[in-house]
Structures are given as C-alpha cells and as structure tokens.
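Chains as they are written, first to last, in the numbering used here: chain A, 35 to 255; chain B, 398 to 656.
Note that the Cβ used here is the ideal one computed from N, Cα and C, for glycine as well.
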Amino acid sequence: MGTLLETPNFYHYLSAYENLRIAAAIKGHSEEDIPRVLKIAGLLERQHSKFKTFSLGMKQRLAIAAALLGDPGVLVLDEPTNGLDPEGIAEVRNLIKSLAAAGKTVIMASHLLDEVEKVCDHVAIIMKGKLLMSGAVNEVISREDFIEVGAANLEHLQSVIAAHPDLANIVAGKEFLQVSFNNGTTAEDINAWCFEKGVKLNHLIIRKKSLEAAFFEITKA
Amino acid sequence: MLHIFRTEWLKVKSYRTFWVLIGLTFVSFFGVNFGAAEITGEMVKQSKGFITSVYDFPTVWQMMAIFGNYAIIFPGFLVIILVTNEFTFKTHRQNIIDGWSRRDFIISKLFWVVALSVFSLVCAVIFGLILGLMYGQNSISFEDFSYMWYFFGQTLLVLSLALLLGVLIKRAGFTIVIFMAYVMGGEQMLVFLGKRYDISLITLMPMQATDELIPFPTILGKAARNVSLYGSSVYIIATLVFIALLTYFTSRKLSRADL
C-alpha cells in the first residue's frame, strides 16, 4: 500500500531522483523502481532538477511517485489536490485517473466535492467517524435539476407556474424563479405551458443543485 | 542500522552546505593550529632554547586538543543544520510515514554526532602528525595521546549540545546564535563568576569540565590557567554524564514530540 499524507515533504536542496532514492532506501525498495515511478508521474525529464524549482503540481506528483515505489496495488491519498492552483489540480487529477485506469485502487480523502465527483467512481461520506452513505458517486451525490425561468412580469409568471399540476417547488428570486417538477417535466414542457397561458419567457435555463447543497442534505439528514 | 547510515549519507552527499562546513572544519583545524604553531615557534626561537616547541611530540596532542576546540564549532553548525532541515522541510514526519520508527530517526541524528566527532578526531590526529613533524624535533610519539581522547569526548559533548538545541528550537539561525553564545562565551562567563566567588562546582559545567581535562602545556599553562580543582577522573565522569544527559533529553524530546 502506498500513502500520500497531506503535503509533499522532500529535501528542497536535492533533485527529484535523489529524493526518491531516500524514500526508496527508507521503504526498503530497489532504486531500479525510480525511473518507472518518475515516468508515471511525468517527471522523468525533470528528475535531476532540484525539488525547490518544482511547481506545486509537480511537487505533489513527486509525492505520488514516492507513494508508487514498490508498485503497491492500493494507494491512499489524503487531500492530494489541497493547496494546488487550478493547473496543479488538473495535473494531479489526470495522474490519479491514469493510475486508476492502470488497475490501481486509489482511496482518496478529500473535502473538495467537485474533485471527488470528477475523479472517483465510488464515494463514502463519513461524519464524526460514522459512515453516512456510500456507493457510486452519481447515486450518493445525486443532484436533481431545477429550472430557472424569467418573464417581463415575474408575479404573473409565478401564478402561472404555481398552477402547473406537476410543480414540486418554487422559489422566487429578484429576477428569476427557481422551479422544480415531478414526473419528468422538462424545460420544453414548461415553455409550452407558459406560452399556452399567454406568458412569453425571456429566461429559461436548466441548473443543477450545487454539490455543497447536496452534501449538506446528506449530512444533515 | 547500516541502512540508516546509508540513508543519511544520501541526504548529504549532494548538499553543498554539508561539504562547505566539512571543508571549513578541515581547514580550520589546520589554520588555527598552524597559526598557533607559528606563534609559539617564534617564542621558542626568541627564548634561545629556554623553552621547547609545544608543537613537538608528545605535547602536540595537547595543543591539537586545545585549539581543536575552536574548529569544532563548524561540525556543531552542521549538526544543527542537518537536524533543523528535517523540521523545516517536515521530512522528519515523511521519514516516519515512509517506514522509519522514531527510534530510527533518533539514531540517524545521533549518527551525525558520532560521525562528525570521529571526523574531528581524525583531522586533529592528521594535523597533529603533520605539525609535530614540521615544528618539532622529536620522533613521532603517541605518549599523551590521551588528550586526543579527551578532545573526542569534548567534541561529542559539544555536538550533543548542538543536537539538543536544534531539536528544541527547530530553527537553524536562532539555534546557531544560541549555540555560539553558549559555547563561545556564555558558559565561560558563568565559570569566571563562579571562580571569583570560590564556587568550585562551577568547574563541572559541561564545557568547563572538558576544558579542565585539557590544560595548556606547563610552560605556557601556569600563567594562563589555574590548576584544576578536582582530579581528571571527576571531569571525565562529568563529561560522560553530560553526554548521556544531552543524548537522553534529545531522545526523549524526539520520541514524545507531536510530529
């Protein structure tokens, strides 16, 4: 099992290769494995550059390379994108995906729900040591669509939509209404309903509930 | 245990600061003693045979031990930098996450105290032989070589102190300032005050205990230093006790501290 806990900790004055030699020596693995893990992490060309010259994303990829020494079947990554800039996050995300595609089991702990949704197949939500929910990401963090509608006369629009038989919820905003429906009612159906009632929509967008909102629903349930 | 030493070697073999400080240690052993040999050599010439060279065998060992005391400040800096680097880069945590026990980490740092003490001893012996041959008239002799062992004990003590300060303070710059302040004058001031008020126990302070074991050779020493208040065995025991205490507190701190 390979582990990456928190931030990458390496000797700043040593190169990527030299740092991995130390990690390999402590873990009791052969140095012959170093080029392989550097290649996986995309750092083979920069293996002789000093760690202090690396970007945040490269530092994190080097930490993952160190976790890969000895070719473990399972990797535990704790907040692997924590503190990274968008470019670094994308680099690490792609690396994790490629590791999973290569057959590794990657267990990732993260508070970044967007990353979880982009990277993971399965998710478990744990709060205060208790497992609240687990399963496929799309099932656990399911997010119902809602429709945002607007018209010249918002009050009239609200009364028209309120009369729809499948209406589930309606929230009035300053400029638009956020509405959700049961029984598979689509945006097209809503547009037709409003038009039939003499209301011309000037705004019609399908939106997804935020991940945070979905998470709060799970943790507060 | 060899794998720990090998890993420590991997940490420093490409580290420029390590080689600079090793070089400074080497050069300062020769520089300080060469300077002292030149000055005392001049005194010997002017005395027209009244005094003999102290850089001759066997007193050369005593002189190497006395002036080697100044050179070991550089290995002290090195011990501080090597241990505080681990805290600065948080690699002490990483080493343990990767598989070392806390005991392994403690051994890896104590290794430097012993290795650099041995290196200092080797430097002192090499330059003792060179300067003894350059400035002396007697053939090579290892009589009074016990001063080299006292010097080794003094080096172990000073480097153990450097390690403990590094472990406690964790910042290289501040640790070096505190270390220098203590080794280069802080304790000497206390000893000076203690002697003034006839507190004989003051000579058992860590640095002073080892200094008492290495007095200046008689011809120079009577004017420069009081005769020791206790026998050599007392100072030897005091030195060993201080080394043991410093090592114990370092190990205790590293084995209990939150990583």
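Residue range of the unbroken beta strand (DSSP E) whose run includes residue i
i, result
"ILE160/A", "156-161"
"ALA9/A", "In the structure as shown, chain A starts at 35 and stops at 255, and residue 9/A therefore has no counterpart that could be examined."
"ALA143/A", "139-143"
"GLN212/A", "211-215"
"THR481/B", "Note, THR481/B: premise wrong, no beta strand (DSSP E); alpha helix (DSSP H) at 470-485."
Beta-carbon gap between residue i and residue j smaller than 9 Å
i, j, result
"GLN192/A", "ASN203/A", "no"
"ASP105/A", "ARG55/A", "no"
"VAL194/A", "CYS228/A", "yes"
"ALA433/B", "TYR412/B", "no"
"ILE504/B", "ILE419/B", "no"
"LEU188/A", "GLU209/A", "yes"
"LEU201/A", "SER214/A", "yes"
"VAL157/A", "ALA170/A", "yes"
"ALA462/B", "ILE599/B", "no"
N- and C-terminal bounds of the alpha helix (DSSP H) containing residue i
i, result
"GLY62/A", "Segment: none, GLY62/A is in no alpha helix (DSSP H) and carries neither H nor E."
"SER629/B", "629-653"
"GLY432/B", "413-444"
"SER132/A", "120-135"
"THR37/A", "Where THR37/A is concerned, there is no enclosing alpha helix (DSSP H), although the beta strand (DSSP E) it sits in stretches over 36-38."
"VAL588/B", "584-593"
"ASP495/B", "488-495"
"LEU610/B", "603-610"
Environment of residue i [buried if 16+ CB atoms lie within 10 Å]
i, result
"ARG241/A", "exposed"
"ILE74/A", "buried"
"ASN172/A", "exposed"
"MET581/B", "exposed"
"HIS63/A", "buried"
"SER652/B", "exposed"
"LEU72/A", "buried"
"ALA578/B", "exposed"
"HIS254/A", "Checking the sequence, you will find Lys at residue 254/A rather than His. Result: exposed."
"MET35/A", "exposed"
"VAL534/B", "For the record, residue 534/B in the displayed sequence is Gln; it is not Val. Under this definition GLN534/B is an exposed residue."
"ASN217/A", "exposed"
"LYS619/B", "Only weak support is given to the placement of LYS619/B: the predicted model assigns it a pLDDT of 43, under 50, and the value that follows is read from those uncertain coordinates. Its Cβ having fewer than 16 others within 10 Å, LYS619/B is exposed."
"PHE250/A", "exposed"
"PRO120/A", "exposed"
Three-state secondary structure (DSSP) of residue i
i, result
"ALA185/A", "strand"
"ARG568/B", "coil"
"GLY169/A", "strand"
"PHE542/B", "coil"
"HIS82/A", "coil"
"LYS234/A", "coil"
"THR220/A", "coil"
"LYS410/B", "coil"
"PHE180/A", "strand"
"GLY618/B", "Because the pLDDT at GLY618/B is just 43, under 50, the model does not fix this residue reliably, and the point stays unresolved."
"LEU102/A", "coil"
TODO: Would you check if the region 623-640 of chain B and the region 467-477 of chain B touch, i.e. whether three or more CB-CB distances between them fall below 8 Å?
DONE: no
Open item on the list: Taking 8 Å as the cut-off, does the region 491-498 of chain B touch the region 534-542 of chain B (at least 3 CB pairs, one atom from each stretch)?
Closed with: no
Open item on the list: Is it the case that the region 544-558 of chain B contacts the region 581-591 of chain B, given that we only count it when at least three CB pairs across the two stretches are under 8 Å?
Closed with: no
Open item on the list: Under 8 Å: do the region 436-444 of chain B and the region 519-528 of chain B share three or more Cβ pairs, one atom per stretch?
Closed with: no
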